[in-house]
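J.:
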Ligand SMILES: Cc1cc2nc3c(=O)[nH]c(=O)nc-3n(C[C@H](O)[C@H](O)[C@H](O)COP(=O)(O)O)c2cc1C
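Numbering (this note's numbering), first residue to last: 386 to 546.
Now the structure itself:
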């Protein structure tokens, strides 16, 4: 079972979680990075506005072929109760998705809003079967039981190395 872990991370929390999945389950890690870097001011102004409008940022890599993977894990920080513009762009960049499975996760301060439903909808529209989802808040991002729950979701979806 080939696993691909795709994520965006602005301040490192989602990256850390993606790394835990990689360490436990194997697979390839793909970090999507906005071409135009945010700072605190632009993240909370332009970034939040773009997230609210469900826009895509130009990112690198700009194309992600998942045809040779069986399971995709997609992680995003929550911005303005939604996936980040870079995470939206990651979904848009996917090709070879038909018949693939996915697990989605989000990290946030405590108010995920409609981040998970939006991500799931976008992936389903690409022909992907979303088999699990989980949200980490600031309070439980280091909780071993919660992390284990994510790892179990990924391994039961077929991502065990
Ligand atoms: C621009 C911006 C907007 C945010 N909006 C939300 C939000 O709507 N709800 C929430 O719970 N947390 C929000 N947060 C907190 C982040 O989602 C949270 O810290 C996340 O774990 C950061 O992940 P990262 O370190 O991978 O970037 C926001 C953070 C930033 C920088």
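Idealized CB from N, CA, C, for every residue including glycine. Just so you know, these numbers come straight off a predicted model, no measurement behind them.
#1: Under 8 Å from any heavy atom of ligand 1, does the C-beta of residue 446 make it?
#2: Nearest to residue 412 by CA position, among 495, 510, 454, 519, is which residue?
#3: For residue 445, write down the residues that DSSP places opposite it in a beta bridge.
#4: Any chance you could list the alpha helix (DSSP H) runs of at least 4 consecutive residues sitting entirely within the stretch 470–527, in chain order?
#5: For residue 539, report the span of its alpha helix (DSSP H) as first-last.
#6: Whole-angstrom Cβ separation of residue 391 and residue 449, contact assumed at under 8 Å?
#7: If residue 417 and residue 446 are in contact, beta carbons under 8 Å, what's the gap, nearest whole angstrom?
#8: Closest to residue 466 by CA distance: which of 484, 474, 435, 479 is it?
T.: Well, looking at it:
#1: Position 61 of the chain shown, counted from the first residue, corresponds to residue 446. No.
#2: By one-based count along the chain shown, residue 412 stands at place 27. Of 495, 510, 454, 519, the residue nearest in Cα terms is 454.
#3: The residue you call residue 445 lines up with position 60 of the chain shown. For residue 445, which the question treats as bridged, DSSP gives the partners 418.
#4: If only uninterrupted alpha helix (DSSP H) runs of at least 4 residues are considered, those enclosed by the stretch 470–527 are 470–478, 500–510.
#5: Taking the chain shown and counting its residues from 1, one reaches residue 539 at position 154. Start and end: 529–539.
#6: As a first step, residue 391 must be located in the chain shown, where it is residue number 6. As a first step, residue 449 must be located in the chain shown, where it is residue number 64. A Cβ-Cβ separation of about 6 Å places residue 391 in contact with residue 449 under the 8 Å criterion.
#7: Counting from one through the chain shown, the residue named residue 417 turns up at place 32. Counting from one through the chain shown, the residue named residue 446 turns up at place 61. Confirmed, about 7 Å.
#8: Along the chain shown, read from residue 1 onward, the residue named residue 466 stands at position 81. Its Cα nearest to that of residue 466, the residue 435 stands out among 484, 474, 435, 479.
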